[in-house]
Structure formats: C-alpha cells, structure tokens
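Structure record follows, encoded as structure tokens.
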Ligand SMILES: Cc1cc2nc3c(=O)[nH]c(=O)nc-3n(C[C@H](O)[C@H](O)[C@H](O)COP(=O)(O)OP(=O)(O)OC[C@H]3O[C@@H](n4cnc5c(N)ncnc54)[C@H](O)[C@@H]3O)c2cc1C
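In the working numbering, the protein residues as written are -19 to 421.
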C-alpha cells in the first residue's frame, strides 16, 4: 500500500510550519509534498530591509529543501484544485503542467497586493509583496537618485528624487522609514547632488493616523520618527490619479515623481476564489480546527483562510505572520490527528503585540502589549525576527553588523525590469517573464 500523501500548497509562514510539524513527526512515514513557486520560504517582515540595501536577498530566503527533511518540494504554482476528485494541478517554472492526487490537503497560499480602481495606478505603481518587487525597488531607488544627478531639467531632477508611498500600514511605514535612510545615503555620496535638496519622501493614507490597525502608541512613535527624518506624512489623503509624470492627490496637488509604491494592503490569493466555497472577505472559511466545511481532509490557514478568532468571538484572526505561523503548526498537528496521531486542537492565540522596524536604531514595538520606542524597541524587534526566522540567523545578524560599520552599497544591478513586477498580479513571488508580457517575445 502506498503511503498517505499530504499535499501542502504554499510555503509561506503557514505552509512552512505545517510542513515542518509533519516532517518532524512522520519522518518519512508519509509522502509530504510541498508545492511552491520558489524553493525558499520568504521571511516577509524583513523585506523592507532588502529594498533598502541592509540585507542581501538570500538572507531572508530560507531554503526549503535544506531545512525540511522528509518533505518533497515541487516547484510550481497550483492553478486547479478538484476537491471532490482529490486532485490538484500546477504549472512548473518552465510552463509545463503537473497533476497529483492527495489524501490530505493544506491550503496556505497567502495573499497578493490589494488594488483600488484609481486611474493609472495599475500601470504606474509597484507593489511590495514579494522578492522581485523588493529587488526592483532597491534598484529603482538607486537609479532614480543617479538619474536625478544627471538630469538637466530641474523639474525632472526633483521628480526623480521624490518617492510616494501609498498606505501607512506596517509595510508602507517600514518602506518609507527605511527608504528615506537609503536614498539619503545614496544622495550624500553623489557628487552631482551635493547642492541639491534631500530626496523627498511622502507617506499617504486615507486613515487619520499611520499604522491605523495597530495601537495608538505605536502610531505616535512611528509618526514622530518619520517626521523627524523629513518624511511628509499625509493622513486623510489618497491618490486620485497616477501618470508617468507623477500623482494627483485628492486635495488637488500634483506631485512630480517617478516612484509610486503601493502598500494599501493585501487580498487573499485568487486561488481561493476559484474553489467556489464560502468565503469571508475573500478568505476561505474554515472552522476552529482549520478544516474546510464539508471537506474534513482539507485544512486551510494563514492569510488565505478566515479562521474564527476564539479570543474575540465573532471575529476572524488578522492577516499577520504571527497568526499564520501558529496556524501552520496547528494545521500540521491536526493533520497528524487525522492520521491517528494525537487529537485535533482548536486554533486559539492571544495577540502578543507587534513590532515595526523603522531602520537605524528606531522601531515601534509593543511586545506583550508593553509599548517601546527607540533603540530598546529596535533591539527587541531584531531579536524577535532572529528568533522567528527558521534559518539564516547568523547570516542576517552578520549583515546587520556590517551595515552598522560600513556604508550602504549604492549599486543597481538592473535585473528586474518594471514590466516584470506589475501591480496587478496573482504571483508577486515570481518576476513575470517576457513570454507573459503582453506583446512580449
Ligand atoms: C513587506 C511585508 C512586511 C510584513 N511584516 C509583518 C510583520 O512585521 N509582522 C507580521 O505579523 N506580519 C507581517 N506581514 C504579514 C505577513 O507576512 C503575512 O501575514 C504572512 O506572510 C502570511 O503567511 P501565509 O503563510 O498565509 O502567506 P505567505 O507567507 O504569503 O505565503 C504564501 C505562500 O504561498 C505561495 N503561493 C501562492 N499562491 C500559490 C499557488 N497558486 N501555488 C503554490 N504556491 C502558492 C507563495 O509563493 C508563498 O510562498 C508582512 C507582510 C509584508 C508583505
């Protein structure tokens, strides 16, 4: 008899932990298959540090095959799930299709950038949800500063030194906080910009404060740090239109810029919608054991799943790494229970607070709901990330040490063109190829 096959779709916070929990207990007693477009687990909370040149990209990319023994990795993107026939199909990086039966399934496909129907945004903005976008942004910022130095038209010089971030949640706040430090360091080293004003950064949000979903004390800390660095924080403001020359704000101001960074939030991966099952704001509804109603052999967790929050009856757990990681462990545990190993547990987790890395020696954090700011918060934030990462800790710490003593490297490799990272994509984790590009060859 062939061993039970457990297929996990998506190797993010939830899928990685599910695979790890299963692998540690089953040790080859089941066929554990992990399907993911990349061969690494991406530690998303440190992605702003990649864009700002603090961390090298591979530091935040933990090898799946290197850290998950007894797990079979299939490189690919799942595009079809037949829950009645217990079959999934995927496309591999060469565009070939594959198909596989399963006995148990974990759906942990995460989320993609949220779009708003604002003219020009899909064409001119870039999101911040995956490695290709982070590498694109790092190069783009470097290039804009360099081109600002050589532009002869004063308006173009200023536009290239202006960066607009939309969305002041933790992603947008961190991108702006790190970005301004990065472009300042690039501009300082550029002889052509010696007499020019500092690069201009704007952080916009329709909400009345930055970090609107977090505690007000964290908002105040982040707001203070950003303004002190010269970031123009514009709350109650959004973009009305984007063009190749800049953005029109809803207060009527037109800002000349070549950089519109879209961080307005995320929506569940479109694969969820394809299933045709009940959803909650696009997230797949599951019960407290993470099981999909009507399909006891299928569990879902992380951003893609609407998991009842037993600590706040009537609500669902927020889309955070903290929940996704713990839900992944419970999914693994409950899969084991379905195979006769232990008993299923409901998912229940009290939020432990949040950390927002603001770069330099600044952060805003409330571990166990104790509000912290400044270097203490920065130390707690970095310590937390090191503990939470499933690998590469020494490499990450080494990069932080190097960044503390050496200037940032101001080079752009230019390997990710803008069309490879469109805002409207179902796959922010992979750069689009010329083949997928409209009219591409
Ligand atoms: C820049 C940034 C910073 C963040 N910082 C924090 C933070 O500080 N703290 C915090 O708690 N949260 C943070 N978050 C949110 C957190 O990262 C998410 O809540 C978390 O990643 C969700 O985990 P997940 O496993 O559901 O999805 P993900 O981690 O996104 O993983 C989903 C995986 O599924 C794969 N996948 C998608 N579609 C398919 C498919 N069709 N077939 C196969 N595989 C597929 C993806 O490639 C990916 O590997 C941040 C998010 C971003 C973008």
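Virtual Cβ for every residue (Gly too), placed ideally from N, Cα, C.
On a predicted model such as this, the values are computed, not experimentally measured, just so you know.
beta-carbon residue i near ligand 1 non-hydrogen atom, thresh 6 Å
i: residue 27; result: yes
i: residue 300; result: yes
i: residue 280; result: no
i: residue 90; result: yes
i: residue 283; result: yes
i: residue 151; result: yes
i: residue 17; result: yes
i: residue 57; result: yes
i: residue -10; result: yes
i: residue -7; result: yes
i: residue 76; result: no
i: residue 251; result: yes
i: residue 24; result: yes
i: residue 109; result: yes
i: residue 148; result: no
i: residue 103; result: no
i: residue 36; result: no
Residue i, DSSP secondary structure in three states
i: residue 412; result: coil
i: residue 158; result: helix
i: residue 318; result: helix
i: residue 421; result: Low confidence applies here, because residue 421 scores a pLDDT of 41, under 50, leaving its location unreliable; read the following figure in that light. Residue state, collapsed to three classes: coil.
i: residue 226; result: strand
i: residue 327; result: coil
i: residue 80; result: strand
i: residue 221; result: strand
i: residue 209; result: coil
i: residue 92; result: strand
i: residue 98; result: coil
i: residue 248; result: strand
i: residue 39; result: helix
i: residue 182; result: strand
i: residue 24; result: helix
i: residue 259; result: strand
i: residue 374; result: helix
i: residue 365; result: helix
i: residue 108; result: coil
i: residue 235; result: strand
i: residue 201; result: helix
Endpoints, the alpha helix (DSSP H) within which residue i is located
i: residue 134; result: 134 to 140
i: residue 423; result: The first residue shown for the chain is -19 and the last is 421, placing residue 423 beyond what the model contains.
i: residue 269; result: Where residue 269 is concerned, there is no enclosing alpha helix (DSSP H), given that its DSSP letter is neither H nor E.
i: residue 189; result: That residue, residue 189, is in no alpha helix (DSSP H); it is neither H nor E in DSSP.
i: residue 5; result: -7 to 6
i: residue 335; result: Run containing residue 335: none in the alpha helix (DSSP H); it sits in the beta strand (DSSP E), 335 to 337.
Bounding residues of the beta strand (DSSP E) (the contiguous stretch that carries residue i)
i: residue 59; result: 57 to 62
i: residue 67; result: 67 to 71
i: residue 280; result: 275 to 280
i: residue 239; result: 239 to 242
i: residue 119; result: It is not in any beta strand (DSSP E) - residue 119 instead sits in the alpha helix (DSSP H) that spans 111 to 130.
Nearest-angstrom Cβ-Cβ length linking residue i and residue j, presumed shorter than 8 Å
i: residue 135; j: residue 238; result: With a Cβ gap of about 12 Å, residue 135 and residue 238 do not count as contacting.
i: residue 116; j: residue 401; result: 5 Å
i: residue 198; j: residue 21; result: Not confirmed; about 27 Å, so no contact.
i: residue 100; j: residue 222; result: 4 Å
i: residue 235; j: residue 361; result: Rounded, the Cβ-Cβ distance is 31 Å, inconsistent with contact.
I want to know whether the stretch 240 to 247 touches the stretch 104 to 111 - three or more CB-CB distances under 8 Å. The stretch 240 to 247, when compared against the stretch 104 to 111, does touch it at the 8 Å Cβ threshold.
Is the number of C-beta pairs between the stretch 71 to 91 and the stretch -14 to -3 that are closer than 8 Å three or more? The way I'd put it, the stretch 71 to 91 does touch the stretch -14 to -3; three or more beta-carbon pairs between them come closer than 8 Å.
Between the stretch 205 to 221 and the stretch 117 to 129, do three or more beta carbon pairs fall short of 8 Å? The stretch 205 to 221 is not in contact with the stretch 117 to 129.
Could you check whether the stretch 312 to 323 touches the stretch 1 to 13, counting it as contact only if at least three pairs of C-beta atoms, one from each stretch, sit closer than 8 Å? Taking one beta carbon from each stretch, the stretch 312 to 323 and the stretch 1 to 13 have 3 or more pairs nearer than 8 Å; the two touch.
Report yes or no: do three or more beta-carbon pairs, one from the stretch 163 to 182 and one from the stretch 39 to 58, lie closer than 8 Å? When C-beta atoms of the stretch 163 to 182 are compared with those of the stretch 39 to 58, fewer than three pairs fall below 8 Å, so the two segments do not count as touching.
Cβ contact check for the stretch 21 to 30 and the stretch 148 to 163: 3 or more pairs under 8 Å: Under the 8 Å Cβ criterion, the stretch 21 to 30 counts as touching the stretch 148 to 163, having at least three qualifying pairs.
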